[in-house]
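There are 2 protein chains.
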Amino acid sequence: MNRPLILISNDDGYDAKGINDLAEMVRPYGDVVIVAPEGGRSGSAMAMTSAEPVRLRKIKEEPGLQVYACTGTPCDCVKIAFHSVLTSPPDLVLGGINHGDNAAINVHYSGTMGVVLEGCLKHIPSIGFSSCKRDPNADFSALRPYIQKIVQRVLADGLPPQVCLNVNFPVREEFNGMRMCRMDVGNWLKEWEERTDPRGRQYFWLTGYYEAGQPDDDSTDRWALDHGYVAITPVQLDMTAYSAMEGLKTSLMG
Amino acid sequence: MNRPLILISNDDGYDAKGINDLAEMVRPYGDVVIVAPEGGRSGSAMAMTSAEPVRLRKIKEEPGLQVYACTGTPCDCVKIAFHSVLTSPPDLVLGGINHGDNAAINVHYSGTMGVVLEGCLKHIPSIGFSSCKRDPNADFSALRPYIQKIVQRVLADGLPPQVCLNVNFPVREEFNGMRMCRMDVGNWLKEWEERTDPRGRQYFWLTGYYEAGQPDDDSTDRWALDHGYVAITPVQLDMTAYSAMEGLKTSLMG
């Protein structure tokens, strides 16, 4: 029997600690191919590169592991892996381990979740792993048993069609277990910091902090992280607001 | 009574025909502020600029219309408009008119819909308008009565919380009316074109074509466009796959 094939990408770059830790954690369960950006692409969402060409560079190859770097976005990496690297579709697409969480509305902004949504659009069971630890040298060893269990289960059972997983880990060395969550819908506040350059011209840095939408609601991923749980949020591709359709028909077309 | 305030952005750039046509169509209903990218940013999704600073440049100001260009992404444009341009929250956020449709799964990739989702995250009724006409000089005059009707209705009635609209127009001069749709979930195929540069190195251009997931299903936006209808797809921020939660609990945590 062939070993499972696991494609991994991220938005922190092919040489980030998180992606290399993840590859090492899942190598017992399959052959791993990493196709990841040349450098950091945080906040890439599902952006694609259409105005410029993209290049691909082989970094290394050893039994059970190939690593490629791509000049494009995280989503480009998945697309080009399917087109030009993999000789058969993978059994699993993984994003991460992201240095920084992607819970709540950050699924919309996250390049790591861009990887995962792209894998899901290609009909492959896909999972994003992110940690609240932002440090480039973060110790992710506490994540190992959870990641290994989730990967083994998904390799065995698959995922429902058009559904992928957004798995986020709190900042601590021991977790209170896993919780199945819904995404918190909150707000980013104070999003820009204004500065003046040496020539007197204004410029802006994106920054800010996230305020939970439902801080006391224990069904959200944000609550789970704040209370020491591993937050598993199932995410669906279909964004249609079905429950709004009838009302909108009357309001817009009546 | 104050006139409504309408914020418009896009992913084709502040000087694209589509955004200027849209501004002109909606000026009868409010004061318009355009904050749009300096140039084309197609396929930007909800990407944000975090690794570099962003700059903002006033292009013009006249009664009822201000235009700014921003070096960042479409999503950055909305964020910086709220932070540094608008003196009060807008009554409406519009994306478009995009030169090229954003129906079906393209809501995930679209910078125009990135604008709209960002407006929705900021609790403002938000609508994306896109046309299947890709030509930079496309004639969008057939869209005018539809856009004006939709904008007037949404200014009057608002939209449900956490729901925005993705409105797509077919390539033709007369439409068969509007249809409330769900998003088609299909596939992008042949996504890369390989070339070799003068130095013998390989590079890739993103390309491809979209294959409808449910081509004969008249409930999808793709079907509506293919049959001459204006496709209105309500889109929700919450991507939680609620219906998958129980099964996944058993499969992952049992």
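Sequence lines, in order, name chains G and Y.
My numbering numbers the first residue of the first sequence as 20 and each following residue consecutively.
My numbering numbers the first residue of the second sequence as 20 and each following residue consecutively.
By construction, the Cβ of each residue, glycine as well, lies at the ideal position given by its N, Cα and C atoms.
Just so you know, these numbers come straight off a predicted model, no measurement behind them.
Would you list, in sequence order, the uninterrupted alpha helix (DSSP H) runs of no fewer than 4 residues that lie entirely inside the stretch 61 to 104 of chain Y? Counting whole runs of 4 or more residues, the stretch 61 to 104 of chain Y contains the alpha helix (DSSP H) stretches 93 to 99.
Rounded separation between residue 118 of chain G and residue 72 of chain G - CA only: Residue numbering aside, residue 118 of chain G sits at position 99 when the first sequence is read from its first letter. Residue numbering aside, residue 72 of chain G sits at position 53 when the first sequence is read from its first letter. One C-alpha to the other measures close to 28 angstroms.
For residue 57 of chain Y, tell me which candidate among Y:268, Y:264, Y:34 has the shortest Cα-Cα distance. Mapped onto the second sequence, residue 57 of chain Y falls at position 38. Comparing Cα-Cα distances from residue 57 of chain Y to each of Y:268, Y:264, Y:34, the minimum goes to Y:34.
According to DSSP, what are the bridge partners of residue 246 of chain G? Numbered from 1 along the first sequence, position 227 holds the residue referred to as residue 246 of chain G. Looking at the DSSP assignment, residue 246 of chain G forms no beta bridge with any residue, so it has no partner.
Would DSSP call residue 185 of chain Y helix, strand or coil? Walking along the second sequence from the start, residue 185 of chain Y turns up at place 166. Residue 185 of chain Y falls in the strand class under three-state DSSP.
Is residue 78 of chain G close to chain Y? Criterion is C-beta to C-beta, closer than 8 angstroms. If you number the first sequence from 1, residue 78 of chain G lands on position 59. Closer than 8 angstroms: no.
Between residue 133 of chain G and residue 93 of chain G, which are expected to be in contact by the criterion C-beta below 8 angstroms, what is the C-beta distance as a whole number of angstroms? Translated into positions along the first sequence, residue 133 of chain G becomes position 114. Translated into positions along the first sequence, residue 93 of chain G becomes position 74. So it is a contact: roughly 5 angstroms between Cβ atoms.
Where do the ends of the alpha helix (DSSP H) carrying residue 44 of chain Y lie? Looking up residue 44 of chain Y in the second sequence gives position 25. From DSSP, the alpha helix (DSSP H) with residue 44 of chain Y extends over 36 to 45.
Exposed unless 16 or more other CB atoms sit within 10 angstroms - verdict on residue 261 of chain G: For the purposes of this step, residue 261 of chain G is identified with residue 242 of the first sequence, where counting begins at 1. By the 10 Å Cβ count, residue 261 of chain G comes out exposed.
When you compare each of G:23, G:201, G:250, G:172 to residue 263 of chain Y by their alpha carbons, which one comes out closest? On the second sequence, position 244 is the one that residue 263 of chain Y refers to. Closest by alpha carbon: G:201.
Taking the runs of the alpha helix (DSSP H) that are 4 residues or longer, which of them lie wholly in the stretch 121 to 189 of chain Y? 130 to 140, 163 to 176
Spatial neighbours of residue 145 of chain G in its chain, beta-carbon cut-off 6 angstroms, leaving aside the 5 residues before and after: Residue numbering aside, residue 145 of chain G sits at position 126 when the first sequence is read from its first letter. 112, 135, 138, 139, 183, listed in sequence order.
Among Y:61, Y:66, Y:31, the one whose alpha carbon lies nearest that of residue 54 of chain Y: Numbered from 1 along the second sequence, position 35 holds the residue referred to as residue 54 of chain Y. Nearest C-alpha to residue 54 of chain Y: Y:31.
Residue of Y:29, Y:44, Y:49 minimising C-alpha distance to residue 23 of chain Y: Taking the second sequence and counting its residues from 1, one reaches residue 23 of chain Y at position 4. It is Y:49.
With 8 angstroms set as the bound, which would you pick, yes or no: does the beta-carbon of residue 138 of chain Y sit closer than that to a beta-carbon of chain G? Your numbering for residue 138 of chain Y matches position 119 in the second sequence. For residue 138 of chain Y, the answer is no, since every Cβ of chain G falls outside 8 angstroms of its Cβ.
Near residue 212 of chain Y, which residues of its chain fall below 6 angstroms by C-beta distance, leaving aside the five closest residues on each side in sequence? The residue given as residue 212 of chain Y occupies position 193 in the second sequence. The answer, listed in chain order, is 224, 226.
Within 8 angstroms (strictly less), CB to CB, does residue 69 of chain G reach chain Y? Here the question's residue 69 of chain G lines up with position 50 in the first sequence. For residue 69 of chain G, at least one C-beta of chain Y is nearer than 8 angstroms to its own C-beta.
Neighbour-count burial assignment, residue 237 of chain Y, 16 or more Cβ in a 10 Å radius: As a working mapping, residue 237 of chain Y is identified with position 218 in the second sequence. That one is exposed.
What three-state label does DSSP hand residue 264 of chain G in the structure shown? Counting from one through the first sequence, the residue named residue 264 of chain G turns up at place 245. Helix.
According to DSSP, is residue 208 of chain G part of a helix, a strand, or is it coil? To locate residue 208 of chain G, count along the first sequence from 1; it is residue 189. Looking at residue 208 of chain G - three-state DSSP - the assignment turns out to be strand.
Residues of chain Y with CB under 7 angstroms from residue 148 of chain G, in chain order? Looking up residue 148 of chain G in the first sequence gives position 129. Those do not exist, as residue 148 of chain G stays about 13 angstroms from chain Y at its closest Cβ, beyond 7 angstroms.
Just checking my contact of residue 115 of chain Y with residue 149 of chain Y at CB under 8 angstroms: how many whole Å lie between their CB atoms? On the second sequence, position 96 is the one that residue 115 of chain Y refers to. On the second sequence, position 130 is the one that residue 149 of chain Y refers to. Confirmed, Cβ separation roughly 6 angstroms.
Cutoff 7 angstroms; reference residue 142 of chain Y; Cβ partners in own chain excluding five residues on either side: Translated into positions along the second sequence, residue 142 of chain Y becomes position 123. Once the five neighbours on either side are set aside, residue 142 of chain Y has no close Cβ partner at all.
Any chain Y beta carbon closer than 8 angstroms to residue 163 of chain G: To locate residue 163 of chain G, count along the first sequence from 1; it is residue 144. Not closer than 8 angstroms to any Cβ of chain Y, the Cβ of residue 163 of chain G fails to qualify, so no.
Hey, is the stretch 77 to 93 of chain Y in contact with the stretch 246 to 253 of chain G, meaning 3+ C-beta pairs nearer than 8 angstroms? no
Does DSSP put residue 241 of chain G in a helix, in a strand, or in coil? Residue 241 of chain G sits at position 222 when you count from the first residue of the first sequence. Correct three-state label for residue 241 of chain G: helix.
Can you look up residue 48 of chain Y in the DSSP assignment and give me helix, strand or coil? As a first step, residue 48 of chain Y is located in the second sequence; it is residue number 29 there, counting from the start. Reduced to three states, the DSSP call for residue 48 of chain Y is helix.
Any Cβ of chain G within less than 8 angstroms of the Cβ of residue 63 of chain Y? Counted from its first residue, the second sequence places residue 63 of chain Y at position 44. True, the Cβ-Cβ gap to chain G drops below 8 angstroms.
I'd like to know whether the C-beta of residue 260 of chain Y is nearer than 8 angstroms to at least one C-beta of chain G. Numbered from its first residue, the second sequence carries residue 260 of chain Y at position 241. Cβ-Cβ to chain G under 8 angstroms: yes for residue 260 of chain Y.
Own chain partners of residue 163 of chain G with C-beta closer than 7 angstroms, once the 5 adjacent residues on each side are dropped: Start at 1 with the first residue of the first sequence, and residue 163 of chain G comes out as number 144. Closer than 7 angstroms at Cβ, skipping near neighbours: 44.
First and last residue of the uninterrupted beta strand (DSSP E) at residue 198 of chain G: Position 179 of the first sequence holds residue 198 of chain G. Residue 198 of chain G -> beta strand (DSSP E) spans 197 to 199.
Anything in chain Y within Cβ reach of residue 118 of chain G, meaning under 7 angstroms, just list it in chain order. In the first sequence, counting from the first residue as 1, residue 118 of chain G sits at position 99. Here the premise fails: no neighbours, minimum Cβ distance about 13 angstroms.
Mind checking whether residue 271 of chain G and residue 169 of chain Y have CB atoms under 8 angstroms apart? As a position in the first sequence, residue 271 of chain G is number 252, starting the count at 1. As a position in the second sequence, residue 169 of chain Y is number 150, starting the count at 1. Cβ distance < 8 angstroms, so residue 271 of chain G and residue 169 of chain Y count as in contact.
Determine the chain G residues that contact residue 28 of chain Y at a beta-carbon separation under 8 angstroms, and present them in chain order. Taking the first residue of the second sequence as position 1, residue 28 of chain Y is located at position 9. Here the premise fails: no neighbours, minimum Cβ distance about 15 angstroms.
Return the chain-ordered list of same chain residues with a C-beta closer than 6 angstroms to the C-beta of residue 195 of chain G, the five sequence neighbours on each side being excluded. Here residue 195 of chain G refers to the residue found at position 176 when the first sequence is read from its first residue. For residue 195 of chain G, where only same-chain residues beyond five positions count, the Cβ hits under 6 angstroms are 247, 248.
What in chain G is Cβ-close to residue 229 of chain Y, meaning under 9 angstroms? Locating residue 229 of chain Y in the second sequence gives position 210, where the first residue counts as 1. Those do not exist, as residue 229 of chain Y stays about 11 angstroms from chain G at its closest Cβ, beyond 9 angstroms.
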